[in-house]
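Position one of the sequence shown corresponds to residue 11 (the UniProt record's numbering), numbered consecutively onward.
All residues carry an ideal CB built from backbone N, CA and C; glycine is no exception.
What you are looking at is a predicted structure, and each value in this text was computed from that prediction instead of being measured.
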Amino acid sequence: ENIPLELHKVRVVQKLHLVPVERRLKALQESGFNTFKLNTNDVFLDMLTDSGTNAMSDNQVAAMFRADDAYAGSQSFTRLLKAVQDVLGKEFLLPVHQGRAAENIICRTFIKPGQIVPMNYHFTTALAHITENGGKIAELLCDDALEIQSTNPFKGNIDIHKLEKCIQDHGSENIPFIRMEASTNLIGGQPFSIHNLQQVREVADRHGIMLVLDASLLGENAFLVKQREKEWKNASLAEILKTITGLADLVYFSARKLSSSRGGGICTNNRTLYAKMETLIPLFEGFLTYGGISVREIEAMAVGLYETQDETIIRQSPDSIAFLVNDLQQKGIPVVTPAGVLGCHVDAMSFCKHIPQSEYPAGALAAAFYLISGIRGMERGTISSVRDEQGNEIPSDLELLRLALPRRVFTLSQIKYVSDRMQWLFDNRHLIGGLRFVYEPPVLRFFMGTLAPT
Ligand code: F0G
Numbered sequence: 011e012n013i014p015l016e017l018h019k020v021r022v023v024q025k026l027h028l029v030p031v032e033r034r035l036k037a038l039q040e041s042g043f044n045t046f047k048l049n050t051n052d053v054f055l056d057m058l059t060d061s062g063t064n065a066m067s068d069n070q071v072a073a074m075f076r077a078d079d080a081y082a083g084s085q086s087f088t089r090l091l092k093a094v095q096d097v098l099g100k101e102f103l104l105p106v107h108q109g110r111a112a113e114n115i116i117c118r119t120f121i122k123p124g125q126i127v128p129m130n131y132h133f134t135t136a137l138a139h140i141t142e143n144g145g146k147i148a149e150l151l152c153d154d155a156l157e158i159q160s161t162n163p164f165k166g167n168i169d170i171h172k173l174e175k176c177i178q179d180h181g182s183e184n185i186p187f188i189r190m191e192a193s194t195n196l197i198g199g200q201p202f203s204i205h206n207l208q209q210v211r212e213v214a215d216r217h218g219i220m221l222v223l224d225a226s227l228l229g230e231n232a233f234l235v236k237q238r239e240k241e242w243k244n245a246s247l248a249e250i251l252k253t254i255t256g257l258a259d260l261v262y263f264s265a266r267k268l269s270s271s272r273g274g275g276i277c278t279n280n281r282t283l284y285a286k287m288e289t290l291i292p293l294f295e296g297f298l299t300y301g302g303i304s305v306r307e308i309e310a311m312a313v314g315l316y317e318t319q320d321e322t323i324i325r326q327s328p329d330s331i332a333f334l335v336n337d338l339q340q341k342g343i344p345v346v347t348p349a350g351v352l353g354c355h356v357d358a359m360s361f362c363k364h365i366p367q368s369e370y371p372a373g374a375l376a377a378a379f380y381l382i383s384g385i386r387g388m389e390r391g392t393i394s395s396v397r398d399e400q401g402n403e404i405p406s407d408l409e410l411l412r413l414a415l416p417r418r419v420f421t422l423s424q425i426k427y428v429s430d431r432m433q434w435l436f437d438n439r440h441l442i443g444g445l446r447f448v449y450e451p452p453v454l455r456f457f458m459g460t461l462a463p464t
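This is the structure we're talking about:
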């Protein structure tokens, strides 16, 4: 058995509540069958997301105590800037309160109505900000990237021929930037290779287009490059991280995933790009040396960025995910392979073959799994998608139940409990029924929408 070995020890713990199934049914009804709306006192293992839920290291907590509270010119910010320069290799940093705030600033600054943003794949908030500013997206993954069971080590790669064609079709003047997302979230946390990013860089240079990297899941993408891309096998994570960020003109991140539990940033070596965005920070975020983040969290971000270079720290989550993915796969339960980052992704389309996509199989599976286990996962399927301009559903490419493993939070026995309950649900999957919307918000409907059984 390939047991993931934790190279840390647990020193602060939080009591969990495994409430009876009758209460879980009631909680589900009260929350409109939307796991976002559950309260944690009804949740046993919270696998909704890895965002803001990672365990802090002793050094991060220690750093939070020495934070320099100042509206302007805080030394905490100076330390974060130094970390960004050392780890990400970028000279300028604009702090923002979280990842989507970076997307707001970048999209407002660079997108004009009617323009198109080519990318490997969208993330919900990135798509929302691009459309909010009148832009459209072109998703250019390789054809096999959406195959659930695969041996492709880099499903997050962009198809270079599709990229060339997209630029030819639309004209480089209508493309404000190319967006590459590290460890492409919505297709199951799947990485891109450095070789692919180098090719994207080459195309971008040839056409004079800016390359923007969403680095929210960069640490694990770098780790998987080391594991899967043979040229980088002997390189240090520090070197891999800098190589990846060095290929992008602009790097932005949600520090809720990368390095810490709060905050975000946009960084670059290009003073002109920096200057174009600078004035929006005080308008939307806060002064340029805190950007809406508490100085304590800024200290934790700085320490966390350095920790991203440490393989013994970064590998904990991908190793645990690989264990869970392999375990489920051996039980015949359909999961996204190869194992990616962030969490384990169960294929609801094949798990719930009897539920049509119009009745949201991934949402139905998320609700059912909570009911039978107390574990909260997240729907990543059509509920997380949007409607077109005529108001028709755009069925999602994939219907996934994501079981996130926040970094260093869960133990192996808890992970085995997940697998055991999933096996029970799989054996009894005919019990799962479809869902329909009762209340559907117009933007990012998955967060606050309510549903009911069909
Ligand atoms: N980019 C990626 C790749 C993300 O995964 C997220 C957030 C964001 C941007 C936005 O960052 O939440 O700090 O505003 N992903 C979370 C998730 C919400 O659960 O997957 P944020």
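Which residues in the same chain have their Cβ closer than 7 Å to the Cβ of residue i, if we skip the five residues on either side of it in sequence?
| i | result |
| --- | --- |
| residue 447 | 459 and 461 |
| residue 159 | 347 |
| residue 345 | 335, 338, 339, 354, 355, 356 and 357 |
| residue 280 | 259 |
| residue 163 | 238 and 348 |
| residue 412 | 353, 355, 387, 388 and 390 |
Where do the ends of the alpha helix (DSSP H) carrying residue i lie?
| i | result |
| --- | --- |
| residue 171 | 170-180 |
| residue 296 | Segment: none, residue 296 is in no alpha helix (DSSP H) and carries neither H nor E. |
| residue 217 | 204-217 |
| residue 277 | Residue 277 -> not in any alpha helix (DSSP H); beta strand (DSSP E) instead, spanning 274-278. |
| residue 116 | 109-120 |
| residue 136 | 134-142 |
| residue 429 | 422-437 |
| residue 148 | First-last for residue 148: 146-149, but that is the beta strand (DSSP E), not the alpha helix (DSSP H). |
Report yes if the C-beta distance between residue i and residue j is below 8 Å; otherwise report no.
| i | j | result |
| --- | --- | --- |
| residue 57 | residue 414 | yes |
| residue 384 | residue 34 | yes |
| residue 252 | residue 42 | no |
| residue 326 | residue 16 | yes |
| residue 360 | residue 315 | no |
| residue 151 | residue 168 | yes |
| residue 104 | residue 309 | no |
| residue 45 | residue 380 | yes |
| residue 219 | residue 188 | yes |
| residue 111 | residue 295 | yes |
| residue 197 | residue 131 | yes |
| residue 223 | residue 199 | no |
Tell me which same chain residues have a C-beta within less than 6 Å of the C-beta of residue i, skipping the five on either side of it?
| i | result |
| --- | --- |
| residue 265 | 273, 274 and 311 |
| residue 313 | 69, 70 and 73 |
| residue 255 | 98, 99 and 261 |
| residue 409 | 358, 359, 371, 372 and 391 |
If you reduce the DSSP assignment to three classes, tell me which class residue i lands in.
| i | result |
| --- | --- |
| residue 349 | coil |
| residue 355 | strand |
| residue 311 | helix |
| residue 286 | helix |
| residue 103 | strand |
| residue 67 | coil |
| residue 249 | helix |
| residue 228 | helix |
| residue 35 | helix |
Does at least one heavy atom of the ligand F0G sit under 7 Å from the Cβ of residue i?
| i | result |
| --- | --- |
| residue 50 | no |
| residue 108 | yes |
| residue 266 | yes |
| residue 133 | yes |
| residue 285 | no |
| residue 59 | yes |
| residue 167 | no |
| residue 228 | no |
| residue 337 | no |
| residue 191 | yes |
| residue 195 | yes |
| residue 56 | no |
| residue 136 | yes |
| residue 274 | yes |
| residue 224 | yes |
Tell me the residue span of the beta strand (DSSP E) that contains residue i.
| i | result |
| --- | --- |
| residue 463 | 460-463 |
| residue 7 | This structure does not reach residue 7, given that the chain is present from 11 up to 464, and the question cannot be answered. |
| residue 413 | 410-414 |
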